[in-house]
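In my numbering, the protein residues as written are 250 to 350.
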């Protein structure tokens, strides 16, 4: 397993900021690049509540949280269109998982 943190923007000092994805195009581009390694499986840990509005499926939500998440995950997979991608949306922020360890 090799974790890759999605860089979301560059900062003037030359570093890269991580977290708070502002647009879906950046998510799709990074997932597509990672999927170029056809020997690897690619998944995600994206915060459902902070997904950009233009993420595929966001405009088709029904109000059933778990059904909506599954539908959006499949919509993103279809949009990126790579057989080695399995999208995973997190209902709670990643930091909350540390309380269970």
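Even for Gly, the Cβ is constructed at its ideal location relative to N, Cα and C.
Expressed to the nearest angstrom, what Euclidean distance is found between the alpha-carbon atoms of residue i and residue j?
{"i": "residue 327", "j": "residue 300", "result": "17 Å"}
{"i": "residue 309", "j": "residue 287", "result": "31 Å"}
{"i": "residue 252", "j": "residue 304", "result": "22 Å"}
{"i": "residue 311", "j": "residue 262", "result": "43 Å"}
{"i": "residue 274", "j": "residue 295", "result": "14 Å"}
{"i": "residue 279", "j": "residue 340", "result": "21 Å"}
Is it buried or exposed for residue i, if we count other Cβ within 10 angstroms and need 16 for buried?
{"i": "residue 270", "result": "buried"}
{"i": "residue 321", "result": "buried"}
Can we count residue i as close to the ligand ADP, meaning its CB is less than 7 Å from some heavy atom?
{"i": "residue 250", "result": "In the structure shown, the ligand ADP is absent, as is every other ligand, since no ligand is present at all."}
If distances are taken between C-alpha atoms only, which option among the options comes closest to residue i?
{"i": "residue 329", "options": "311, 262, 282 and 253", "result": "282"}
{"i": "residue 334", "options": "323, 341 and 340", "result": "323"}
{"i": "residue 298", "options": "338, 311, 279 and 284", "result": "338"}
{"i": "residue 302", "options": "254, 276, 293 and 285", "result": "276"}
{"i": "residue 254", "options": "284, 289, 318 and 293", "result": "293"}
{"i": "residue 272", "options": "307, 291 and 284", "result": "307"}
Worksheet entry | Contained alpha helix (DSSP H) runs [length at least 4] in the region 276-346, N- to C-terminal order | 314-329
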